[in-house]
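Residue numbers (my numbering), protein chains in the order written: chain A, 1 to 678; chain X, 1001 to 1678. Written below as C-alpha cells is the structure these notes are about.
See the structure below:
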C-alpha cells in the first residue's frame, strides 16, 4: 500500500489504512484486524460480512467519500438481495472493493466479538468470543495418485483457507465426514472448537454452507433444580430457558444426605450420576423443542454447580466431600465431550466445560458468581451472597477476594417451615404486619395485589392461599419483630403479651396466625416458634459466614451487598437487614444480581477468555473453611438474636425504633440449637 | 564438581564425570544422562536402579577402583536383599554413594532403553522406549486451608518429583483417584502415557509402589485372523501370544464382500464393527488369562490392519474403499482411549494407537511391514511381499520406496482350492514329485516326517491327511511343472501325455492325484485344472504388482526378496520362484520376515519414536494404485504362464531344465480369466 492508495476507515473501531484499488472490504478489514465476521471466507455465500459504507464529508476523519468509493453492486450481492434481502445501505464486505477513500461502518451483527447487553442494569456486558465458530471450506477431492484421507484434505483446506493448524476430529465426526463431504459436493461447514490450548477440534459439520445456527447450553445444576439457557453462539441471545427438578432429590433433599446415600449404598453415587444425566438429557431435548431447533445444533454446554453436584455430574464418588478435609477429586475446570457424560441428547462430540471449584464447599457455582459479579474488580468492598440451601459468600474488592460457604439449610427455600412451601402460585411471598392492629396483609405468587386490595380474593380464588415460601417467611419473621410480636431473642409473645388474639398457644410456646383459610377449606397459615428458630439458625449461619470473611479481611463493615441466587432476587433487602441476615449497609447499597451463577455460566459459554479469567481468579481467591473455624461458631451463636434497635425503614412503618419487648418465659427457649453440617 | 572429586565411569555407555563425595550413583547417572531406570525416584523401594560396581585396575579407563569406592551396604539394601534378593555384586544405585573413583556397570535390566533382540536373524533390534512408563510419587495430603483437588496435588507431585508438566487424567482415572490415594497412604504409582505431543496422560494408577508389571497388546487385525502379542512394556518380552478368527468372516470372506455387505445393509458396517470389537475383547481376556495377569495391567494397544479393517475397527463405514478413488476417511495414525473402541476388556483409559495407512488399498499393515523391514534404509533394492488375501508389496532402497497392494484372492490361503484347507494339523504343507515315477511324497502339519519316511503313517493316524494348505498347493503346482505334469501355460497333461495314472480326466481337463485316502475313509486329494488356474491368477496378480513397482522404479530386477506374512514364513522360496510368484533373484537373496506386520506393531508398541518414524515414512512412500494402472493388466496377463526354462534348484532334482512339454488340447483352456476387484 502506498500514500496514493485509497484510505479506508472502519467505524466504530476507528482502524484505518491505505489499500490498493480493488481490495475487497473484507480483506482490508482482516489486514487491519477489524472485527468483521465471515464464515465462508469471502466467497459471497454466507453474508456474515455485511457492512454499511458512509458517503459525504467526514471532517472528523479528514476524508470526503464519493459515491464511487466502493465498486458497483455486483451480481453476487444481487443474488443475495433477491434471495434473502439486505438492509438498505448494506453491502457484502467480500464483494464490495475499495475504489476511493471510504468510511465503512461494521454493524454489531457483523462483528464476531459483538457485545450482548444483559437485562440487569448493574451487570457486566458479555462480549461474544465463543469457543466454537463456523468455518466454510472447499475440500480437494480425493485422487488415487495422492491417496490422503478425507480428514487430511479437510485439514489441509482449513490450513490453506483459514490458516488453522492441527485440527482434530473425534470418531462421531470421522464417521460422518465422508457422506457429508460428498453430499456437499466437497464443500462443508465445520464447527471448530478452540476452547483451550489443545488443538482445535471439529465438533460438528454440515454439507455446504450451514445457515441453521449454532447453539450452546448454559446450565446451572443446583441441588434442587436444574436451569438451562439455550444460547445462540453467534449472537449471544438466549433462545430459550427451561428448568427441571433435580431427580436426585429422591436420594436426599440436601447435599449431605446425598453424600450419605453414596456412603451407605455401594454404587449409590453412580445411581445418582445416572439420574442427573438422564434429567439433563430430558432438559436438553425439551429446550431444543421449545426453541424449535434440532438438538444436533447444540455444540457446547457449560455447567456450574456446587462441589457435590460437580462430582456426581462427572461420575466421581462425592464421599470425600462429606468429611474433613473435604477433598475434591479435582478442583480445576474440566473439559470433555458430551459423550463422556452420557449426554446422548447432545451430539457426542459436543464440548462440555465445567467451571473450576474454589474449595470442597465452595463450588463452580460460586466461581460462576465471581465471574458474573467480579468482586475482584470492585472499587468498594462488596459482599456477595448467593442464597440457597447452601449459601455461597464472597467478600472482596480489587485488592483481595475471600470466599466461604455456609450451611444455611433449606429454611430459606420454605422447607422445614410449618406452613412452608416452594415458591409457586398460591404461596405467600410478601407480608406486612400493622404495628398497631397486629393484623397481617400479604401478597401471593400469581397475583400482583395485596390481600387488603380490591379484587385480591377474586384473583386468588383459583390458586387459594396455600402456604408461605422462602421470601415470605423471611418477611414474616422480620415484620413480627417490627410489630413487637417477637422479642430480640426470637420468642413469640402470648396474646396477653402482644395484645392480639392472632398469637395463640402452641405447646409451651406460641404461634402467630397470618391467615385462616379453614372456612374455605384452605389451610391455617401460622408462624410457629419452630419456624422462627429455623429461620434464626439459617440467618445466623449466613451472617456468621459473612462475618467470618469480614474478620479475615479485618473489617467490620462492607460498602455494598449483592444478593444472588434465584431466591436472592426475591428477598426484600429491608427485611433481610432487620432479620440480621446481612451486615448493615445503606439500603441503596443492597442490590440483587438475580441468578448470578447462571449468568456466570452464560458468560463462560459466550466468551472463552472468561474461562481463562475465572480459572485464574479462583486460584487467587482466599478460601475460608467455616467448618473448622472456631470464630464461625462464635459468630453463629452471637447472630442468633434479632436485636435491631432502629427500624431501618421508617418510611414503611410508624415506629422509629424496634419495640423493646421481652417474652422470656424462663424455659429453655432462649438458646438456639446448633445445626451441624452432614 | 571439581577436579579433586571422584571420577565416576559408567559402562557400557562410557559416560563419565566427577561428583562430590556422597553423591548417590543414581544422581550421578541422571546428571550424565546415563540410561539407569528408576520408578520410585530414588527412594530405595523400586529396586529398578540396580548397578554393578567394578573394582581393581582399569587401565582402559585410567582409574583404579578401591574396595571403598562406594559407600557401605546400607539398611535399605539389606531390607531389599532379605525380602527379594539381589544378584551377587549388585547395589541399589539410589543408596550406594560415591566415595572414590569408580567404574559402574548398568546391567541391561536396569536400562530404560534396553534392547530387545528379535528371533529372526535379519530383523532389527527393538529399543525399548514405550509411550507408557511408571512413576512413583508421594502426594501432599489435602488441607482445608489449601483446598486444591487431589488431582491437582498429584500433578504438583509429578512436577516437583519428576519434573513432568501438564499431566491430564480421564474420568475413569479421576473416579479411582481418591480411593487409591487414600489406600496408598498418599503414595501412588501412575502409568503415564506420553505417546505424542499431547500432554502426558495418566492411564492407570495403583496405591503405593506398583510391582505387578505393565503390559501392552500388539495386534495384527487381519481379514481372516486376529493375532495379538501381549508384551511386557518394561522388558519388551512377549509374555503371551494368541489368535482368534475374525468373526466378520460371516459377513464375507474377503474384504470386498464385507464392503458390499456394508453397502447393501444399512447399519451393516456397525454390525461388523461390533463383531470385531467383541472378538478383540474376547482375545484380550484370553491372552491375559494365558499370561496370568490382570487385564487392568494392559495399558496400551497398537493395531495394524488393512484399510477396510481399519475403518471397521474405528467404526467408520468402509463404503468409499469399495469404489474408485478408494478414499480413506483418514490416512494418518489414530490415537484414542480403549473406551472409544468399546474395548471393555481393557481399562477404559488404556491408550490405543493405530498405524497410519499408506493409501486406500495399502493399509496400516503395510506401514507396519515398512516399519519392521525398513526398505527405506536398505542399501540394495529390496522387494518385500506380504502375502495374504491381499498382497502388500513394497519395493525400495535408501533412495525411494514404492508400495502397492494386489488382489491375489484367497487361493494362497488354501481357499477356493478343490482340496484346499486352512493351515491346520493334517494339511499337506510340503510336497515333492519324483520326476521319473511322478509319484508324490509330502509332509503334513503336525508331523516332521515325509510320507515316505518310517513312522509317518503311524504319527499322522490321528489327524489323517485332510487336505492341502496354501504353502502345499504352491509347492504342488511348482513340482507338477518340474515333473513335466504341467505345461508352461499351466495345463495338466493326461495319463497318456504324462505317463502316470495319477493324471486322471476331470471333465474336459485333468487332475493330478496326490493322495488317495478313501480306503481309510479319508479324502482323495487332487490338484485340479481349476486349482492350477486359481494359483495362476493369484501368482500373476502378485507378480504383476511387483513388476508394476519395478516399472515405476525403472528397474527390471531386484537385489533381494523378503517374503512376509504368517503365510510368507511357510512359502518355499524355491517353489515360489519356479511358479513365477516373485521375480528371479539368487536363492540366498530370498528371506522370510515372518509376520512382519505383527512385528511392526510390536515395534510401535515398544518404541514411541518408531511411531513418529512410520508416520514420516508413509508420507514419503510412493503409492501405486494397481486398479487404475493399465500396465498392471498387461503384467498380469503376461505373468500367467509358468515358463521357467531352467530348474532353479537342481540339487533337489535330477533334471537341469524344466521339461519342454505342451498339453494344448485346442480347447479354451489356454487363457486365464481375469479376477476383478470387488
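Using N, Cα and C, we set each Cβ at its ideal position, and we do this for glycine too.
| field | 4 or more residues per run - each alpha helix (DSSP H) lying fully within the region 1021-1056 of chain X | value | Within the region 1021-1056 of chain X, the complete alpha helix (DSSP H) runs of at least 4 residues are 1025-1032.
| As assigned by DSSP and simplified to three states, the class of residue 133/A | The count along the first chain starts at 1 and reaches residue 133/A at position 133. The three-state secondary structure of residue 133/A, taken from DSSP, is strand.
| task | Could you list which residues in chain A have their beta carbon closer than 8 Å to that of residue 1160/X, in chain order? | result | The residue you call residue 1160/X lines up with position 160 of the second chain. None at all; the shortest Cβ gap to chain A is about 17 Å.
| request: Alpha carbon to alpha carbon, how far is residue 1639/X from residue 1502/X? Give it in angstroms, no decimals. | output: Residue numbering aside, residue 1502/X sits at position 502 when the second chain is read from its first letter. Residue numbering aside, residue 1639/X sits at position 639 when the second chain is read from its first letter. Computed Cα separation, rounded: 28 Å.
| task | Would you kindly work out how many angstroms separate the C-alpha atoms of residue 1189/X and residue 1136/X, rounded to a whole number? | result | The residue given as residue 1189/X occupies position 189 in the second chain. The residue given as residue 1136/X occupies position 136 in the second chain. CA-to-CA, the gap between residue 1189/X and residue 1136/X works out to about 4 Å.
| task | Find the residues of chain A that neighbour residue 1360/X, judging by a C-beta separation of less than 7 Å, and give them in chain order. | result | Mapped onto the second chain, residue 1360/X falls at position 360. Within 7 Å of the CB of residue 1360/X, the CB atoms of chain A belong to 147, in sequence order along the chain.
| query | Which residues in the same chain as residue 548/A place their Cβ atom closer than 8 Å to its Cβ, once the five residues preceding and following it in sequence are excluded? | reply | Residue numbering aside, residue 548/A sits at position 548 when the first chain is read from its first letter. Excluding its 5 nearest sequence neighbours in each direction, residue 548/A has C-beta neighbours in its own chain below 8 Å: 404, 624, 626, 629, 631, 632 and 635, listed in chain order.
| query | For residue 302/A versus residue 354/A, is the C-beta distance shorter than 9 Å? | reply | As a first step, residue 302/A must be located in the first chain, where it is residue number 302. As a first step, residue 354/A must be located in the first chain, where it is residue number 354. One thing to note: residue 302/A has its Cβ within 9 Å of the Cβ of residue 354/A.
| Since residue 1255/X contacts residue 1390/X with CB under 8 Å, what's their CB separation in whole angstroms? | Here the question's residue 1255/X lines up with position 255 in the second chain. Here the question's residue 1390/X lines up with position 390 in the second chain. Approximately 7 Å separates the beta-carbon atoms of residue 1255/X and residue 1390/X; this is inside 8 Å, confirming the contact.
| What residue from 40/A, 556/A, 619/A and 222/A has the CA that sits closest to residue 388/A's CA? | Reading the first chain from its first residue, position 388 is the one you call residue 388/A. Distance from the Cα of residue 388/A is smallest, within the candidate group 40/A, 556/A, 619/A and 222/A, for 222/A.
| request: State yes or no: is the C-beta of residue 1595/X within less than 9 Å of the C-beta of residue 1220/X? | output: Within the second chain, residue 1595/X is the residue found at index 595, counting from 1. Within the second chain, residue 1220/X is the residue found at index 220, counting from 1. Yes, the Cβ-Cβ distance between residue 1595/X and residue 1220/X is below 9 Å.
| request: Output, in sequence order along the chain, the residues in the region 1337-1350 of chain X whose CB is closer than 7 Å to any CB in chain A. | output: Within the region 1337-1350 of chain X, the residues whose Cβ lies closer than 7 Å to some Cβ of chain A are 1340, listed in chain order.
| Of the choices 161/A, 194/A and 147/A, whose alpha-carbon is the least far from that of residue 169/A? | Within the first chain, the letter at position 169 stands for residue 169/A. Of the listed residues, the one whose Cα sits closest to residue 169/A is 194/A.
| task | Give the DSSP-derived three-state secondary structure of residue 1623/X in the structure shown. | result | The sequence position of residue 1623/X within the second chain is 623, counting from 1. Taken through DSSP and simplified to helix, strand or coil, residue 1623/X comes out as strand.
| Which chain A residues sit within Cβ distance under 9 Å of residue 1406/X? | Translated into the one-based positions of the second chain, residue 1406/X becomes position 406. Neighbours of residue 1406/X on chain A: none; closest Cβ ~15 Å, over 9 Å.
| field | Burial state of residue 573/A, where buried means 16 or more other Cβ atoms lie within 10 Å | value | Stepping through the first chain from its first residue, residue 573/A is reached at position 573. Residue 573/A should be labelled buried.
| field | Per-residue contacts from residue 1144/X into chain A (C-beta, under 7 Å) | value | One-based indexing of the second chain puts residue 1144/X at position 144. By Cβ distance, chain A contributes 324, 325, 326, 625 and 628.
| Does residue 1079/X have its Cβ less than 9 Å from a Cβ in chain A? | Position 79 of the second chain, counted from the first residue, corresponds to residue 1079/X. No - not a single Cβ of chain A is within 9 Å of the one on residue 1079/X.
| Would DSSP call residue 630/A helix, strand or coil? | The residue you call residue 630/A lines up with position 630 of the first chain. Residue 630/A: helix per DSSP, three-state reduction.
| request: Name, in chain order, the residues that DSSP records as bridge partners for residue 1512/X. | output: Taking the second chain and counting its residues from 1, the one referred to as residue 1512/X is at position 512. Here residue 1512/X is bridged, per DSSP, to 1503/X and 1527/X.
| Since residue 1139/X is in the beta strand (DSSP E), which residue starts that stretch and which ends it? | Translated into the one-based positions of the second chain, residue 1139/X becomes position 139. If you look at residue 1139/X, you'll find it isn't in any beta strand (DSSP E); DSSP assigns it neither H nor E.
| task | Report yes or no: is there a C-beta of chain X within less than 9 Å of the C-beta of residue 203/A? | result | Stepping through the first chain from its first residue, residue 203/A is reached at position 203. Judged by the 9 Å Cβ criterion, residue 203/A is not in contact with chain X.
| field | Nearest-angstrom Cα separation, counted from residue 1601/X out to residue 1395/X | value | Stepping through the second chain from its first residue, residue 1395/X is reached at position 395. Stepping through the second chain from its first residue, residue 1601/X is reached at position 601. Each residue's alpha carbon lies about 20 Å from the other.
| 4-residue-minimum alpha helix (DSSP H) runs that sit fully inside the region 1528-1576 of chain X, ordered along the chain | DSSP runs (the alpha helix (DSSP H)) wholly in the region 1528-1576 of chain X: 1529-1553.
| said: For residue 1434/X, tell me which candidate among 1243/X, 1411/X and 1499/X has the shortest Cα-Cα distance. | reply: On the second chain, position 434 is the one that residue 1434/X refers to. When each option's Cα is compared against that of residue 1434/X, the closest is 1499/X.
| query | Quick one, which of 1102/X, 1383/X and 1082/X has its alpha-carbon nearest residue 1022/X's? | reply | Counting from 1 along the second chain, the entry for residue 1022/X is found at position 22. For the options 1102/X, 1383/X and 1082/X, the alpha carbon positioned closest to that of residue 1022/X is the one of 1102/X.
| task | Spell out a yes or no on whether the region 1170-1189 of chain X and the region 1266-1285 of chain X are touching, meaning 3 or more CB-CB pairs, one atom from each, closer than 8 Å. | result | The region 1266-1285 of chain X and the region 1170-1189 of chain X do not touch, with fewer than three beta-carbon pairs separated by less than 8 Å.
| message | Would residue 1190/X pass as an interface residue toward chain A - the criterion being a Cβ-Cβ separation below 9 Å? | response | The residue given as residue 1190/X occupies position 190 in the second chain. No, no contact with chain A.
| query | Looking at residue 1006/X and the ligand NAP, is the gap between the Cβ and the nearest heavy atom below 8 Å? | reply | The ligand NAP is absent from the structure shown, which contains no ligand whatsoever.
| field | Buried or exposed by the 16-neighbour rule on C-beta atoms within 10 Å, applied to residue 229/A | value | Residue mapping note: residue 229/A aligns to position 229 of the first chain, counting from 1. Buried.
| field | Neighbour list for residue 1332/X in chain A, Cβ cutoff strictly below 8 Å | value | As a first step, residue 1332/X is located in the second chain; it is residue number 332 there, counting from the start. The CB of residue 1332/X comes closer than 8 Å to the CB of 149, 151 and 152 in chain A, given here in chain order.
| task | Within 10 angstroms of the Cβ of residue 1313/X, are there 16 or more other Cβ atoms? Answer buried if so, exposed if not. | result | The residue labelled residue 1313/X in the question sits at position 313 within the second chain. Note on residue 1313/X: 16 or more other CB atoms within 10 angstroms of its CB, so buried under the neighbour-count rule.
| field | Same chain, Cβ closer than 7 Å to residue 210/A, neighbours up to 5 away in sequence not counted | value | To locate residue 210/A, count along the first chain from 1; it is residue 210. Close CB contacts of residue 210/A within its chain, under the 7 Å cut and outside five residues either way in sequence, are with 134 and 189 (chain order).
| Within chain A, the residues that residue 1315/X reaches when beta carbons sit closer than 7 Å | Here residue 1315/X is taken as the residue at index 315 of the second chain, counted from 1. Going along chain A in sequence order, the residues near residue 1315/X (Cβ under 7 Å) are 171 and 175.
| message | Quick test of your reading: residue 1642/X and residue 1490/X, contact by CB under 8 Å. State the CB separation rounded to the nearest angstrom. | response | The sequence position of residue 1642/X within the second chain is 642, counting from 1. The sequence position of residue 1490/X within the second chain is 490, counting from 1. With a Cβ gap of about 6 Å, residue 1642/X and residue 1490/X count as contacting.
| Taking C-beta to C-beta, are residue 330/A and residue 1150/X nearer than 9 Å? | Stepping through the first chain from its first residue, residue 330/A is reached at position 330. Stepping through the second chain from its first residue, residue 1150/X is reached at position 150. Yes, the Cβ-Cβ distance between residue 330/A and residue 1150/X is below 9 Å.
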